[in-house]
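A.B. asks: Sharing a structure, written as structure tokens. Questions coming.
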Amino acid sequence: MNKQELKKRIIEAIDANRDSIIRAGREIYSTPELGYKEVESTKTAVNFLKDLGLEIEENIAVTGCRARLNEEAKGPKVAILGELDSVAVADHPDAAENGNMHACGHNIQMGGLLGAALGLVKSGVLKELDGRVDIMATPAEEFIELEYRENLRKEGKITYFGGKQELIKKGAFDDVDMSMMFHALDLGENKALIGPESNGFIGKKIKFIGKESHAGSAPEEGINALNAAMLAMNNIHAQRETFKDSDRVRVHPIITKGGDIVNVVPADVRMESYVRARTVEGMLDSNTKVNRALKAGAMAVGAEIEITEIPGYLPILRYENMDEIFKGNLEELGLAGRIVEGGDFTGSFDFGDVSHLMPTLHPMIGGIKGSLHTREFQITDEELAYIVPAKAMAMTVVDLLFDGAKRAKDILANFKPVMTKDEYLEFMESNDKIIKA
Ligand SMILES: [Zn+2]
1 MNKQELKKRI
11 IEAIDANRDS
21 IIRAGREIYS
31 TPELGYKEVE
41 STKTAVNFLK
51 DLGLEIEENI
61 AVTGCRARLN
71 EEAKGPKVAI
81 LGELDSVAVA
91 DHPDAAENGN
101 MHACGHNIQM
111 GGLLGAALGL
121 VKSGVLKELD
131 GRVDIMATPA
141 EEFIELEYRE
151 NLRKEGKITY
161 FGGKQELIKK
171 GAFDDVDMSM
181 MFHALDLGEN
191 KALIGPESNG
201 FIGKKIKFIG
211 KESHAGSAPE
221 EGINALNAAM
231 LAMNNIHAQR
241 ETFKDSDRVR
251 VHPIITKGGD
261 IVNVVPADVR
271 MESYVRARTV
281 EGMLDSNTKV
291 NRALKAGAMA
301 VGAEIEITEI
311 PGYLPILRYE
321 NMDEIFKGNL
331 EELGLAGRIV
341 EGGDFTGSFD
351 FGDVSHLMPT
361 LHPMIGGIKG
371 SLHTREFQIT
381 DEELAYIVPA
391 KAMAMTVVDL
401 LFDGAKRAKD
411 ILANFKPVMT
421 KDEYLEFMES
431 NDKIIKA
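Pasting the structure below:
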């Protein structure tokens, strides 16, 4: 069979099972769960994959699951990923009682992921390929509920707050050569966006420690931690002109505690911030400046400071050779002329971490309306949202692994990771610390 015939079989298999794929996506939509709590969503994925006759590894990082489609085969391994977690948008009409809501469209990714698995298995194309394919439903992409995750960490259940960070640490990607997934996005008249790049970030919690005294009768005996925080905030602003435009730095601190009662000089003031940038160097450089600015604020009033650094996500890197294959498949599926190239996202995705270790693919696909994470989010075209990316991802696997896995091997031969796994873990550890001054 030639490559075109294999792709045709995939398309037919997915079309014939269109309803069950969309049903799985809808089911996850209607049971939105936050990160590391995706119990029901994992079940939906497990049941779907079991129906394909696959063996499933469950709860790969607290929740989530994985299926190895053809472990017995030889050759490079491609992992297809989909994210399980929702966000919370309580005022969305489809929000669950607890406020949870799939307003980032991760349920769409899951439909696409399960559809791609179905296409590859039911079409029978796997035996014609010279490589292996894994399906991974991953937890906790959204960097939220930090206290809950801090507790999981204390209980020894996780090391990192992001699902893919945790999976990398646990070795889930050790036998994977390349990875792909997609994300939903409102693209207006267009249908797909290829090759987005994003910012990475370092998370920070800051505590300014001063000394209480009566604010009216003895302010001279106190050390005002709020003044330290305000100076620090201005010091950060004074750094902004030194940030390179190309680094796309975003620093957005907030004060989460400004004092206790008004007639006591504030002695405990808290701040939180992200430091985001387009490259690891940019992240580290701007973070050094932000820490300097914070410490200087404390120093000026004689306060102490405690900075807790939390490893955030790395920027998403773009691999044009992967993009090109995927784009070709979208065109074969009728999207020609409606595909945008390149996108500049100053937000962050945990798939960025994976993109520092191996060639990756992370297109954005339409089929939704409204901004992500808002009450306007709406799925408007289920065919485009779920079915098109399912087909395109499975077809991309065929391109990569057909004919001795020539294309995958070519990409891998010219690939040098930004970091090895060891370097990655070292980087994560170096950003996981408490600085006191
Ligand atoms: Zn998302």
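Mapping of the sequence shown onto full-length UniProt numbering: position 415 corresponds to residue 415, and the numbering continues sequentially without gaps. We treat Cβ as the ideally placed atom computed from N, Cα and C, and that holds for glycine.
Determine whether the beta carbon atoms of Leu49 and Ala117 lie at a separation below 8 Å.
C.D. replies: Your numbering for residue 49 matches position 49 in the sequence shown. Your numbering for residue 117 matches position 117 in the sequence shown. Yes. Within cutoff.
A.B. asks: Please classify Met1 as buried or exposed, where buried requires at least 16 other C-beta atoms within 10 Å of its C-beta.
C.D. replies: For the purposes of this step, residue 1 is taken as residue 1 along the sequence shown, with counting starting at 1. With fewer than 16 Cβ atoms within 10 Å of its Cβ, Met1 is classed as exposed.
A.B. asks: Within the segment 294-351, note down every full beta strand (DSSP E) run reaching 3 residues or more, in order along the chain.
C.D. replies: Here the runs fully enclosed are 304-311, 339-345.
A.B. asks: Across the segment 99-116 and the segment 181-193, are there enough close Cβ pairs to call them in contact, namely three or more that are closer than 8 Å?
C.D. replies: Yes, they touch.
A.B. asks: Run the proximity test for Cys65: is its beta-carbon closer than 7 Å to any non-hydrogen atom belonging to ligand 1?
C.D. replies: In the sequence shown, residue 65 corresponds to position 65, counting from 1. It does not: the Cβ of Cys65 is nowhere closer than 7 Å to a heavy atom of ligand 1.
A.B. asks: Taking the runs of the alpha helix (DSSP H) that are 4 residues or longer, which of them lie wholly in the segment 4-64?
C.D. replies: The segment 4-64 contains these whole alpha helix (DSSP H) runs: 18-29, 39-51.
A.B. asks: Ser213 lies in the alpha helix (DSSP H); which residues open and close that run?
C.D. replies: In the sequence shown, the residue the question calls residue 213 occupies position 213. Here Ser213 belongs to no alpha helix (DSSP H), and DSSP marks it neither H nor E.
A.B. asks: Do Val275 and His356 come within 8 Å of each other at the CB atom, strictly closer than that value?
C.D. replies: Position 356 of the sequence shown, counting from 1, holds the residue named residue 356. Position 275 of the sequence shown, counting from 1, holds the residue named residue 275. It is not a contact, given that the beta carbons lie outside the stated cut-off.
A.B. asks: To which residues does DSSP link Glu272 through a beta bridge?
C.D. replies: On the sequence shown, residue 272 is found 272 positions in, with the first residue counted as 1. DSSP, once it has assigned bridges, lists Lys205, Ile254 as partnering Glu272.
A.B. asks: What's the gap between the Cα of Glu383 and the Cα of Asp15?
C.D. replies: Counting from one through the sequence shown, the residue named residue 383 turns up at place 383. Counting from one through the sequence shown, the residue named residue 15 turns up at place 15. In a straight line, the C-alpha of Glu383 is about 10 Å away from that of Asp15.
A.B. asks: Which two residues bound the contiguous alpha helix (DSSP H) that contains Gly115?
C.D. replies: Residue mapping note: residue 115 aligns to position 115 of the sequence shown, counting from 1. Segment 106-122, the alpha helix (DSSP H) holding Gly115.
A.B. asks: Thr420 CB to nearest chain C CB: under 8 Å?
C.D. replies: In the structure shown, chain C does not exist; there is a single protein chain.
A.B. asks: Pairs of beta-carbons, one from the segment 122-133 and one from the segment 144-152, closer than 8 Å: are there three or more?
C.D. replies: Because the criterion of three Cβ pairs below 8 Å is not met, the segment 122-133 and the segment 144-152 do not touch.
A.B. asks: For Pro196, does the three-state DSSP call read helix, strand or coil?
C.D. replies: To locate residue 196, count along the sequence shown from 1; it is residue 196. Reduced to three states, the DSSP call for Pro196 is strand.
A.B. asks: Are the beta-carbon atoms of Leu69 and Ile11 separated by less than 8 Å?
C.D. replies: As a working note, residue 69 is residue 69 in the sequence shown. As a working note, residue 11 is residue 11 in the sequence shown. Result no, Cβ atoms of Leu69 and Ile11 do not sit closer than 8 Å.
A.B. asks: Determine the direct distance from the alpha carbon of Glu197 to that of Thr346, and round the result to whole angstroms.
C.D. replies: One-based indexing of the sequence shown puts residue 346 at position 346. One-based indexing of the sequence shown puts residue 197 at position 197. So the two alpha carbons sit approximately 8 Å from each other.
A.B. asks: Determine the extent of the beta strand (DSSP E) in which Ala79 is found, giving its start and end residues.
C.D. replies: To locate residue 79, count along the sequence shown from 1; it is residue 79. Taken as a continuous stretch (DSSP letters only), the beta strand (DSSP E) holding Ala79 covers 77-83.
A.B. asks: Below 8 Å on the Cβ atoms is my guess for Lys205 versus Thr308; work out the distance and round it to an integer in Å.
C.D. replies: Taking the first residue of the sequence shown as position 1, residue 205 is located at position 205. Taking the first residue of the sequence shown as position 1, residue 308 is located at position 308. Contact flag correct, Cβ pair sits at about 4 Å.
A.B. asks: Considering only residues of the same chain and omitting the five flanking positions on each side of Tyr386, which have a CB-CB separation below 8 Å?
C.D. replies: What you label residue 386 is simply residue 386 of the sequence shown in a count that begins at 1. If we look at Tyr386 and ignore the five residues flanking it on each side, its Cβ neighbours are Ile21, Ile22, Gly25, Ile108, Gly111, Gly112, Gly115, Gly367.
A.B. asks: Kindly give me the distance between the Cβ atoms of Thr396 and Phe326, rounded to whole angstroms, as I take these residues to be in contact under 8 Å.
C.D. replies: Stepping through the sequence shown from its first residue, residue 396 is reached at position 396. Stepping through the sequence shown from its first residue, residue 326 is reached at position 326. Right, their Cβ atoms sit about 5 Å apart.
A.B. asks: Quick one, are the C-beta atoms of Ala293 and Asn227 less than 8 Å apart?
C.D. replies: On the sequence shown, residue 293 is found 293 positions in, with the first residue counted as 1. On the sequence shown, residue 227 is found 227 positions in, with the first residue counted as 1. No, these two residues do not count as a Cβ contact at 8 Å.
A.B. asks: Distance, Cα to Cα, Glu97 vs Lys289?
C.D. replies: Looking up residue 97 in the sequence shown gives position 97. Looking up residue 289 in the sequence shown gives position 289. Answer to the nearest angstrom: the Cα atoms are 43 Å apart.
A.B. asks: In the DSSP assignment, find the unbroken beta strand (DSSP E) run with Asp436 in it and report its ends.
C.D. replies: Taking the sequence shown and counting its residues from 1, one reaches residue 436 at position 436. A small correction: the amino acid at residue 436 is Lys; Asp does not occupy that position in the sequence shown. 433-436 is the extent of the beta strand (DSSP E) around Lys436.
A.B. asks: If you count every other CB in all the chains shown that lies within 10 Å of the CB of Ile365, and 16 or more means buried, which is it?
C.D. replies: Counting from one through the sequence shown, the residue named residue 365 turns up at place 365. Ile365 should be labelled buried.
A.B. asks: Provide the residue span of the alpha helix (DSSP H) that contains Thr396, from first to last.
C.D. replies: Taking the sequence shown and counting its residues from 1, the one referred to as residue 396 is at position 396. Element bounds for Thr396: 388-413.
A.B. asks: Based on the DSSP secondary-structure assignment, which residues constitute the bridge partners of Ala228?
C.D. replies: As a position in the sequence shown, residue 228 is number 228, starting the count at 1. DSSP output for Ala228 lists no bridge partner at all.
A.B. asks: So is Asn414 buried or exposed if we call it buried at 16+ other beta carbons inside 10 Å?
C.D. replies: Taking the first residue of the sequence shown as position 1, residue 414 is located at position 414. By the 10 Å Cβ count, Asn414 comes out exposed.
A.B. asks: Could you pull the DSSP bridge partners for Met233 from this structure?
C.D. replies: If you number the sequence shown from 1, residue 233 lands on position 233. Partner(s): none; Met233 has no beta bridge.
A.B. asks: Leaving out five residues on either side along the sequence, give the residues of the same chain with a beta carbon under 7 Å from the beta carbon of Glu166.
C.D. replies: Translated into the one-based positions of the sequence shown, residue 166 becomes position 166. Cβ neighbours of Glu166 beyond the five flanking positions: Ala61, Ile158, Thr159, Tyr160.
A.B. asks: Between which two residues does the beta strand (DSSP E) carrying Asp422 extend?
C.D. replies: On the sequence shown, position 422 is the one that residue 422 refers to. Taken as a continuous stretch (DSSP letters only), Asp422 belongs to no beta strand (DSSP E), being part of the alpha helix (DSSP H) at 421-430.
A.B. asks: Counting along the chain, where does the beta strand (DSSP E) carrying Arg132 start and finish?
C.D. replies: Mapped onto the sequence shown, residue 132 falls at position 132. 132-138 is the span of the beta strand (DSSP E), which, as asked, contains Arg132.
A.B. asks: Where the beta carbon is closer than 7 Å to any heavy atom of ligand 1, which residues qualify, in chain order?
C.D. replies: Taken from the N-terminal end onward, the list reads Glu83, Cys104, Gly105, His106, Glu141, Glu142, His183, Phe349, Leu372.
A.B. asks: Taking DSSP's pairing of strands, which residues face His183 in a bridge?
C.D. replies: Here the question's residue 183 lines up with position 183 in the sequence shown. Note: His183 sits in a beta bridge opposite Met364.
A.B. asks: Between the alpha carbons of Ala202 and Leu314, how many angstroms are there, rounded?
C.D. replies: Indexing the sequence shown from 1 puts residue 202 at position 202. Indexing the sequence shown from 1 puts residue 314 at position 314. Before going further, note that residue 202 is Ile rather than Ala in the sequence given. Near 9 Å, if we compare the C-alpha coordinates of Leu314 and Ile202.
A.B. asks: Assuming Gly35 contacts Ile144 (C-beta within less than 8 Å), just tell me the rounded distance between them.
C.D. replies: Position 35 of the sequence shown, counting from 1, holds the residue named residue 35. Position 144 of the sequence shown, counting from 1, holds the residue named residue 144. That pair is a contact at about 7 Å.
A.B. asks: Below 8 Å, how does it come out for the segment 253-261 and the segment 295-311: are there three or more Cβ pairs, yes or no?
C.D. replies: Result no; under three Cβ-Cβ pairs closer than 8 Å.
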